[in-house]
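Sequential numbering from 1 applies to the sequence shown in full-length UniProt numbering.
Don't be surprised by glycine CBs; every beta carbon is placed ideally from N, CA and C.
Scroll down for the structure; my scribbles are underneath it.
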Amino acid sequence: MAIIGTFTRDQHGFNGTIKTLTLNVAAQIKKVEVSSEKAPDYRVSAGPVELGAGWTKTSQAGKEYISVKLDDPSFPAPVFASLVEQDAGFALIWNRS
Numbered sequence: 001m002a003i004i005g006t007f008t009r010d011q012h013g014f015n016g017t018i019k020t021l022t023l024n025v026a027a028q029i030k031k032v033e034v035s036s037e038k039a040p041d042y043r044v045s046a047g048p049v050e051l052g053a054g055w056t057k058t059s060q061a062g063k064e065y066i067s068v069k070l071d072d073p074s075f076p077a078p079v080f081a082s083l084v085e086q087d088a089g090f091a092l093i094w095n096r097s
């Protein structure tokens with residue numbers, strides 16, 4: 001597991017940065033209206049560019065987190081991560097799923 005982003009919460013979602021080997025961008029994870037059961041709860045963007053989506057989940061320990069799927073033409077495959085509360089903010093933790 002590696003932290004690829006740090007975020008703070010605001011009234012619309014989360015603001016922060018995503019840093020990988022190919023990305024270093026200011027990003028937003030914004031709440032959206034859910035149109036169907038499988039639709040994402042959040043959209044991930046860097047300015048006008050959409051990078052992915054997120055779904056609200058609950059861990060086995062009962063803690064809420066956001067499961068995030070990121071994609072970019074520079075990635076060989078989509079990146080899966082979890083946005084979890086940590087210390088004074090939120091960490092985007094990459095996992096190979």
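- Between the C-alpha atoms of residue 7 and residue 30 there is a straight-line separation of about 12 angstroms.
- In the structure shown, residue 91 falls within a strand segment according to DSSP collapsed to helix, strand and coil.
- Under DSSP, residue 28 shares a beta bridge with 15, 45.
- By the criterion of a C-beta distance shorter than 8 angstroms, residue 95 is surrounded in its chain by 1, 80, 81, 82, once the five residues flanking it on both sides are discounted.
- In the DSSP assignment, residue 38 is bridged to no other residue.
- A straight-line Cα-Cα distance of about 24 angstroms links residue 55 and residue 22.
- Remark: C-beta atoms of residue 38 and residue 53 do not approach each other more closely than 8 angstroms.
- When the five nearest sequence neighbours on each side are left out, the beta carbons in the same chain lying within less than 7 angstroms of the beta carbon of residue 16 are those of 5, 6, 7, 8, 27, in order along the chain.
- Counting along the chain, residue 60 sits inside no beta strand (DSSP E), nor does DSSP assign it H or E at all.
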